[in-house]
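Visitor: Residue numbers (the numbering used here), protein chains in the order written: chain B, 1 to 190; chain E, 191 to 313. Backbone N, C-alpha and C fix where the C-beta goes; we use that ideal spot for every residue, glycine too. Structure below; questions to follow.
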């Protein structure tokens, strides 16, 4: 059973966290979160190299009553996300290649129209990235956010190269990552 | 402006400190981070727990981890505290409540009864 006070999520960054959790559950070693923004459109691509899904499973993802309790791979998360995109006039497309194909993984592409009255603000995306790294220190994350040609970027592989055997999810490193991303946003929008 | 190379300095500073961190924490704090938890506000609760546990210097004793759906979605955000064979389930958590749990339970050893599922079961 899923019960929430509201049937919507107030920040897209929370949807992104939720969708990325599906990649975690799919056993991904690398998860990409790439945002590309213009004045009117926000495109969000979430990619992983996890186990992938069959075409049949992908087709069922938009159904809120499709959930596999045993694996808990999908619940209301994907339908919420699709709804958030469609209510702005955008959409979500999901492409997946299942194991044992060596190219296995999933790509979730979403387009949001920012000028729609039903556009949900992105919210605290930095917190979403830090939360993922905190919970899943063994997974590599690649985050980029392009706004009008300027890019904010955090690749955990680059962080790991510097910190060696210091755990990436120790607070000192997480705080640094949080400030590092926030500073990039600030300098892009002085 | 921060540069990625700055991390090498932090690494040096932390090396000494890391050597002191021998034990995995004996208290495990688990936050439900499925759709239900996230929608109900689990992200700030988790982040507050991580920060407060560090601020109170409890990292030797306490590890904060994430999990999926705990199965009591109507009580989210849910935080479970495991210590030995004991489990305390805190429900309908907020950042402020998380601060109290760190100070009184994780640091002080006294369960914050009013936030537990037992005290919140009447609907």
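Counting contacts by CB-CB distance shorter than 7 Å, is residue 61 of chain B in contact with chain E?
Guide: Chain E, which has no Cβ nearer than 7 Å to the Cβ of residue 61 of chain B, makes this no.
Visitor: Residue 256 of chain E bridges to which residues according to DSSP?
Guide: E:221.
Visitor: Residue 158 of chain B touches chain E at which residues, Cβ-Cβ below 8 Å?
Guide: In chain order: 194.
Visitor: DSSP three-state call for residue 154 of chain B: helix, strand or coil?
Guide: Here residue 154 of chain B sits in strand by DSSP.
Visitor: Using the beta-carbon of each residue, which ones in chain B are nearer than 8 Å to residue 244 of chain E?
Guide: What residue 244 of chain E touches in chain B: 171.
Visitor: From residue 33 of chain B to residue 59 of chain B, what distance separates their C-alpha atoms?
Guide: Rounded to the nearest angstrom, the two C-alpha atoms are 22 Å apart.
Visitor: Determine the extent of the alpha helix (DSSP H) in which residue 15 of chain B is found, giving its start and end residues.
Guide: Run containing residue 15 of chain B: 12 to 25, per the alpha helix (DSSP H) assignment.
Visitor: Just the chain E side, please: which residues come within less than 7 Å of residue 131 of chain B by C-beta, in chain order?
Guide: Result: 233, 236, 237.
Visitor: For residue 21 of chain B, go through chain E and note every residue whose CB falls closer than 9 Å to its CB, in chain order.
Guide: Going along chain E in sequence order, the residues near residue 21 of chain B (Cβ under 9 Å) are 223, 224, 225, 228, 256, 258.
Visitor: Does the separation of the CB atoms of residue 162 of chain B and residue 197 of chain E fall below 7 Å?
Guide: Taking 7 Å as the Cβ cut-off, residue 162 of chain B and residue 197 of chain E qualify as a contacting pair.
Visitor: I'd like to know if residue 39 of chain B contacts chain E, where contact means its C-beta is closer than 7 Å to some C-beta of that chain.
Guide: With 7 Å as the cut-off, residue 39 of chain B does not count as an interface residue toward chain E.
Visitor: Over the uninterrupted beta strand (DSSP E) stretch that includes residue 270 of chain E, give me the two end residues.
Guide: 269 to 273 is the span of the beta strand (DSSP E), which, as asked, contains residue 270 of chain E.
Visitor: Taking 7 Å as the threshold (C-beta atoms), are residue 271 of chain E and residue 278 of chain E in contact?
Guide: Going by C-beta atoms, residue 278 of chain E is nearer than 7 Å to residue 271 of chain E.
Visitor: Using alpha carbons as the reference points, say which of B:147, B:139, B:57 lies closest to residue 122 of chain B.
Guide: Of the listed residues, the one whose Cα sits closest to residue 122 of chain B is B:147.
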